[in-house]
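As C-alpha cells, the structure follows; a few thoughts come after it.
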Amino acid sequence: MSAYPLLEYLRREELPHTMCPGCGGGTVLNTFARAIDDMGVPRDDLVLVSGIGCSAWIPSPNFEADTLHTTHGRAIAYATGVAVGNPDLETVVISGDGDLAGIGGNHLLHAARRNVDLTVILVNNFTYGMTGGQVAPTTPHDSITTTSPFGNPEDAIDISGVAAEAGAAFVARQTTSRPQTLVNDIARAMQTDGFALVEVVSQCPTVYGRRNEMATAPEMLEWMEAQIDAGELTVGTIAETDRPEFIESLEAVSERARSEQMPAEDAAPDHDGRDLLLRIAGEGGQGVVTAGSILGEAAARNGRNVFKTEEYGSRARGGLASADLILSDGEIFEAAVPSGDADLLVALTPSALQAHQSVLKSGGDLVVDETTLETAPSEATAVPFERLAEEAGDARALNMVVLGYLTAAFDLADVGTVRGTIDRHVERLLSTNRRAFDLGVEAAESA
Ligand code: SF4
Ligand SMILES: [Mg+2]
C-alpha cells in the first residue's frame, strides 16, 4: 500500500505540484479524488474540464484522467459540448471563481438554466489568484486586493444563489475547512441528473489572505468556521430540484425532428458520395440567408448531413450577405466553405461577385443574375433571376427563383422536398413564392 492512498489518482510525473504552500487547491484535489474513489467512478468515464487560473490547475495536469485545459471563462461551454457529445461520460468542471463566476459567469448561468448534466466544482477563493490577486465578483465588500487597496466598494455575488435561481438541479456550498462534507457534496453533485454546482470556499493565503490579515492557511480556515458560526456564510445544500435534464430534452426534440424527416430513399438525389460546397451571395434584403436555410433543411430532410452558416452586415437591408452550405453523406468538419473550395458560387450583385469570387475552386460553377453579367467572367451562367421574380408577381421573391434554379440545375435536393420546406417556412405571399420557385426550376430544366 502506498503512503498516500489516493496517489493513484495523481499524475506522478507532474509532482511536485505548483500550488503555494497552504493553498486550498490541494484540499479540493484530495476531496475530489476521495469522492471518485468512494463512488468507484471508472477513470475512463471521467472528463475533467478547467479554464484558466490557479484553480484550473487543480485537475490539469494533476489528476490522472482525461483533462481539457481550456480558455479563460469558457470551461463550462467546452464541458457542455463534451456532455452533449457523449452523455455517457462523467463531465466535471473544476475551476476558480474568477474564471467561472466572473469571466465565464454567463456560461454558468445558462448551463444552470438549461440544466446540462455537468458537475461544476467552483473554487471560490475570493480573488483572481494566478494573476496577482485582483478584485473578483466574489470578493467580499471592503476586502483588500491589488485592485482595491483601500477596500472593495462592491458587494460579492452569491454565485450559488444565482445558479439555484437559474434552475440548477443541485447546488451546495462547502468550505475547505470541512473536507468530509465536501467529499459528500461532490459525490451528491456527481450523482445528480442535471446541472450540479458545488461552490467550495477555499483559501488563498498567498494573495488574498495576507492582504486581509490571514496570511496562513490555518488562519483562513478558522476565519471560514467563524463566518459559518456567525451566520455570515451558509454551507450545505442550497437547492435541489427535479427539472428535466437538458440532454434528455434535446433528444426528445431530435426524435421529433427525425420522425418528421422524409425517408431518404424516397427523395435524396444521389451524389456518389461527393461533398457539395456552395455559397449564395448577394445583398442584405435579397433573402440569401432564407434561401440557404430552406435548401439546408430540405437537404437534411433528404437524409444528407448539412452544415450551414451565414454572413450579413449590421443592417437588415443593403451591405453584403451570404449563406454557405456544405452537403455531405459523411461527417463535416469545416465551419465555413474554405476559400478556393466552393463547387458552386451564386453571385446576385456585382459587389457580391467581387467580394466572393475567390471562394470558387478552379473549374467550379459560377451562376450570376443577368444584371451582374457585365462584370462576370465569360464562363459564368447568367440567369434572369430578378426578371423571373417579377414575372412571378414580386421582385422580392428573387431568392425563391434562385432556390428553384439551384435545386434543379445542380440536383442539390429533391424538388418536392424543397417545395414542402418552402411551405413550412414562408408565411407571406406563399403563392407568389411557390410560383417563383417553379419558374426557377423551369429555367434550369429548359437550359
Ligand atoms: S496564489 Fe493563491 S490560489 Fe494561487 S496557488 Fe497560491 S495560494 Fe493557491
Ligand atoms: Mg479565484
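The sequence shown begins at 558 in the working numbering and counts up by one. Positions of the beta carbon are idealized from the N, C-alpha and C atoms, including for glycine. Everything numeric in this text was worked out from a predicted model, so none of it was measured.
**Message:** My output table needs one value for residue 544: the three-state DSSP class, helix, strand or coil.
**Reply:** Residue 544 lies beyond the range of the chain shown here (558 to 1004); nothing can be said about it.
**Request:** Put residue 921 into one of helix, strand or coil per three-state DSSP.
**Result:** Counting from 1 along the sequence shown, the entry for residue 921 is found at position 364. Correct three-state label for residue 921: strand.
**Request:** Look at the alpha carbon of residue 893 and the alpha carbon of residue 881, and state the distance between them as a whole number of angstroms.
**Result:** Numbered from its first residue, the sequence shown carries residue 893 at position 336. Numbered from its first residue, the sequence shown carries residue 881 at position 324. Roughly 6 Å separates the two Cα atoms.
**Prompt:** Going by Cα to Cα distance, which pick from 671, 925, 708, 954 is closest to residue 996?
**Reply:** Position 439 of the sequence shown, counting from 1, holds the residue named residue 996. If we check each option's Cα against that of residue 996, 954 comes out closest.
**Request:** Using 10 angstroms around the beta-carbon of residue 822, count the other beta-carbons present and answer buried if the total reaches 16, otherwise exposed.
**Result:** The sequence position of residue 822 within the sequence shown is 265, counting from 1. Note that residue 822 has pLDDT 45, beneath the 50 cutoff, so the model's placement of it is unreliable and the number below is only indicative. Only exposed fits residue 822, as fewer than 16 other CB atoms lie within 10 angstroms of its CB.
**Message:** Using the three-state DSSP reduction, which class does residue 665 fall into: helix, strand or coil?
**Reply:** Residue numbering aside, residue 665 sits at position 108 when the sequence shown is read from its first letter. DSSP places residue 665 in helix when its eight states are reduced to three.
**Prompt:** Can you name the start and end residues of the beta strand (DSSP E) that residue 564 belongs to?
**Reply:** In the sequence shown, counting from the first residue as 1, residue 564 sits at position 7. Unbroken run through residue 564: none, as it is neither H nor E.
**Asked** When the Cα atoms are used, what is the spatial distance from residue 684 to residue 832?
**Response** Numbered from its first residue, the sequence shown carries residue 684 at position 127. Numbered from its first residue, the sequence shown carries residue 832 at position 275. Going from the Cα of residue 684 to the Cα of residue 832 covers about 50 Å.
**Request:** From the DSSP output, in three-state form, read off residue 729 for me.
**Result:** On the sequence shown, position 172 is the one that residue 729 refers to. In the structure shown, residue 729 adopts extended strand secondary structure according to DSSP, grouped into three states.
**Prompt:** So what's residue 822 in DSSP terms, helix, strand or just coil?
**Reply:** Against the sequence shown, residue 822 aligns to sequence position 265. Caution is warranted here: a pLDDT of 45 is assigned to residue 822, below 50, making its placement in the model unreliable, and the coordinate value is therefore given only provisionally. Note: residue 822 maps to helix in three-state DSSP.
**Prompt:** What is the DSSP secondary structure of residue 638, counted as helix, strand or coil?
**Reply:** Looking up residue 638 in the sequence shown gives position 81. Residue 638 falls in the helix class under three-state DSSP.
**residue 604 beta carbon less than 9 Å from that of residue 572** = Sequence index remark: in the sequence shown, residue 572 carries index 15 (1-based). Sequence index remark: in the sequence shown, residue 604 carries index 47 (1-based). No, they are not a contact pair.
**Prompt:** Between residue 609 and residue 589, is the Cβ-Cβ spacing less than 9 Å?
**Reply:** Here residue 609 refers to the residue found at position 52 when the sequence shown is read from its first residue. Here residue 589 refers to the residue found at position 32 when the sequence shown is read from its first residue. No. Outside cutoff.
**Item:** residue 575 classed as buried or exposed, judged by whether at least 16 other C-beta atoms fall within 10 angstroms
**Value:** On the sequence shown, residue 575 is found 18 positions in, with the first residue counted as 1. So residue 575 ends up on the exposed side.
**Item:** Straight-line Cα distance separating residue 635 from residue 749
**Value:** If you number the sequence shown from 1, residue 749 lands on position 192. If you number the sequence shown from 1, residue 635 lands on position 78. Residue 749 and residue 635: Cα-Cα distance of roughly 20 Å.
**Item:** Distance between residue 863 and residue 961 (C-alpha atoms, nearest Å)
**Value:** Position 404 of the sequence shown, counted from the first residue, corresponds to residue 961. Position 306 of the sequence shown, counted from the first residue, corresponds to residue 863. One C-alpha to the other measures close to 19 Å.
**Message:** For the alpha helix (DSSP H) containing residue 745, name the first residue and the last one.
**Reply:** Position 188 of the sequence shown, counting from 1, holds the residue named residue 745. Unbroken alpha helix (DSSP H) run through residue 745: 736 to 748.
**Request:** Note down, in chain order, each residue of its chain lying with its Cβ closer than 6 Å to the Cβ of residue 708, except the 5 sequence neighbours on either side.
**Result:** Taking the first residue of the sequence shown as position 1, residue 708 is located at position 151. Result list for residue 708: 699, in chain order.
**Asked** Can residue 682 and residue 758 be called in contact, C-beta distance under 9 Å?
**Response** Taking the first residue of the sequence shown as position 1, residue 682 is located at position 125. Taking the first residue of the sequence shown as position 1, residue 758 is located at position 201. The answer is yes: Cβ separation under 9 Å.
**Residue from 638, 644, 637, 607 with nearest C-alpha to residue 628** = Within the sequence shown, residue 628 is the residue found at index 71, counting from 1. When only C-alpha atoms are compared, the closest one is 607.
**Local conformation of residue 936 per DSSP, three classes** = To locate residue 936, count along the sequence shown from 1; it is residue 379. Here residue 936 sits in coil by DSSP.
**residue 755 Cβ short of 8 Å to ligand 2 heavy atom set** = By one-based count along the sequence shown, residue 755 stands at place 198. The answer is no for residue 755.
**Asked** Between the C-alpha atoms of residue 570 and residue 677, what's the straight-line distance to the nearest angstrom?
**Response** Working through the sequence shown from its first residue, we reach residue 570 at position 13. Working through the sequence shown from its first residue, we reach residue 677 at position 120. Each residue's Cα considered, the two are about 26 Å apart.
**Prompt:** When every heavy atom of ligand 2 is checked, does at least one fall within less than 8 Å of the C-beta of residue 673?
**Reply:** Your numbering for residue 673 matches position 116 in the sequence shown. No.
**Request:** Check whether the Cβ of residue 879 lies closer than 8 Å to any heavy atom of ligand 1, and answer yes or no.
**Result:** Sequence index remark: in the sequence shown, residue 879 carries index 322 (1-based). The answer is no for residue 879.
**Asked** Which runs of the beta strand (DSSP E) fall wholly inside the stretch 820 to 887 and span at least 3 residues, in chain order?
**Response** 833 to 840, 862 to 869, 877 to 885
**Asked** With which residues is residue 623 paired in a DSSP beta bridge?
**Response** As a working mapping, residue 623 is identified with position 66 in the sequence shown. DSSP, once it has assigned bridges, lists 604 as partnering residue 623.
**Item:** Nearest candidate by alpha-carbon position, reference residue 1005, set 644, 790, 940
**Value:** Past the edges of the chain, shown from 558 to 1004, lies residue 1005, and the structure says nothing about it.
**Message:** By the three-class DSSP mapping on this structure, what secondary structure does residue 584 have?
**Reply:** For this step, residue 584 is matched to residue 27 along the sequence shown. If DSSP states are grouped into helix, strand and coil, residue 584 belongs with the helices.
**Prompt:** Looking at residue 658 and residue 716, is the spacing between their C-beta atoms short of 9 Å?
**Reply:** In the sequence shown, residue 716 corresponds to position 159, counting from 1. In the sequence shown, residue 658 corresponds to position 101, counting from 1. Contact: yes.
**Request:** Sort 956, 741, 969, 965 by Cα distance to residue 594 and report the nearest one.
**Result:** Reading the sequence shown from its first residue, position 37 is the one you call residue 594. Ranking 956, 741, 969, 965 by Cα distance to residue 594 puts 741 first.
**Prompt:** DSSP beta-bridge partners for residue 1023?
**Reply:** No information on residue 1023 is available, as it lies outside the stretch 558 to 1004 that the chain covers here.
**Message:** DSSP three-state label for residue 759, please.
**Reply:** In the sequence shown, counting from the first residue as 1, residue 759 sits at position 202. DSSP places residue 759 in coil when its eight states are reduced to three.
**Any 3 or more C-beta pairs closer than 8 Å across the stretch 924 to 935 and the stretch 899 to 907** = Yes, they touch.
**Item:** Those residues which DSSP pairs with residue 796 across a bridge
**Value:** For the purposes of this step, residue 796 is taken as the residue at position 239 of the sequence shown. 728.
**Asked** Are there 16 or more other CB atoms within 10 angstroms of the CB of residue 727, so buried, or fewer, so exposed?
**Response** Sequence index remark: in the sequence shown, residue 727 carries index 170 (1-based). Answer is buried; the Cβ neighbour count reaches 16.
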